[in-house]
Amino acid sequence: MFRVIRLAAIAVLLSLVPALSQAEGQHGGNFTFHDDAERDGGWSGPDCGNPKVMARVQKRFAQTERAYWNTGVRIDTLYDPREIAYRDWTPLITAIRSCRAQADLSDGRRVSVVYWVRSEQGFAGHGYGVDYCIYGRDWPYAYAPGCREILPR
3 MFRVIRLAAI AVLLSLVPAL SQAEGQHGGN FTFHDDAERD GGWSGPDCGN PKVMARVQKR
63 FAQTERAYWN TGVRIDTLYD PREIAYRDWT PLITAIRSCR AQADLSDGRR VSVVYWVRSE
123 QGFAGHGYGV DYCIYGRDWP YAYAPGCREI LPR
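Laid out in structure tokens, this is it:
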């Protein structure tokens with residue numbers, strides 16, 4: 003009896019395969035870009051001076067310093083943000099906005115911060131993502147040398 007049920011289930015699944023392969027949807031089966039597979043317009047994500055973007059840089063820096071280096075240093079003020087490059091999306095890459103700003107750290111130092119804002123880099127590919135590098139504080143050399151790896155090419 004169990005064998006008959008199992009064979010019937012397999013037969014039903016196999017009959018669904020052609021129907022699933024033909025279900026292409028609005029953009030020919032390309033569900034990658036959230037209802038905009040052709041990416042007709044430019045990316046309208048946040049700009050470099052967006053308060054949420056700058057707050058995310060400050061928050062991530064504080065988390066990293068607390069979790070790994072335990073120095074107690076934080077970004078007191080992030081100011082003078084400016085866009086240094088913008089690359090709109092293509093079928094192979096996500097849109098990226100490269101930015102530079104100045105920061106006053108809690109230890110009294112003034113440093114340059116380079117960061118990017120990328121499309122589709124948020125949780126599960128929705129929203130935007132932010133990553134940063136602070137000149138002179140890239141202790142693990144993640145973007146070495148001198149934050150060059152986070153700069154646009």
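In terms of this note's numbering, the sequence shown is residues 3 to 155.
By construction, the Cβ of each residue, glycine as well, lies at the ideal position given by its N, Cα and C atoms.
Count Cβ pairs between the segment 132 to 140 and the segment 54 to 68 that sit closer than 8 Å; are there 3 or more?
yes
Would you list the residues sitting across from Trp118 in a DSSP beta bridge?
Numbered from 1 along the sequence shown, position 116 holds the residue referred to as residue 118. In DSSP, Trp118 forms a bridge with Ser100, Asp133.
Along the chain, where does the alpha helix (DSSP H) containing Arg89 start, and where does it finish?
For the purposes of this step, residue 89 is taken as residue 87 along the sequence shown, with counting starting at 1. Run containing Arg89: none in the alpha helix (DSSP H); it sits in the beta strand (DSSP E), 77 to 89.
By how many angstroms is the C-alpha of Arg139 removed from the C-alpha of Ser108?
The residue you call residue 108 lines up with position 106 of the sequence shown. The residue you call residue 139 lines up with position 137 of the sequence shown. When rounded, the distance between both Cα atoms is 13 Å.
Ordered along the chain, which non-local residues of its own chain (more than five positions away) have a Cβ less than 6 Å from that of Met56?
The residue you call residue 56 lines up with position 54 of the sequence shown. Hits under 6 Å: Leu80.
Alpha carbon to alpha carbon, how far is Pro53 from Trp118?
Here residue 53 corresponds to residue number 51 of the sequence shown, with the count starting at 1. Here residue 118 corresponds to residue number 116 of the sequence shown, with the count starting at 1. Spanning the two alpha carbons is a distance of roughly 14 Å.
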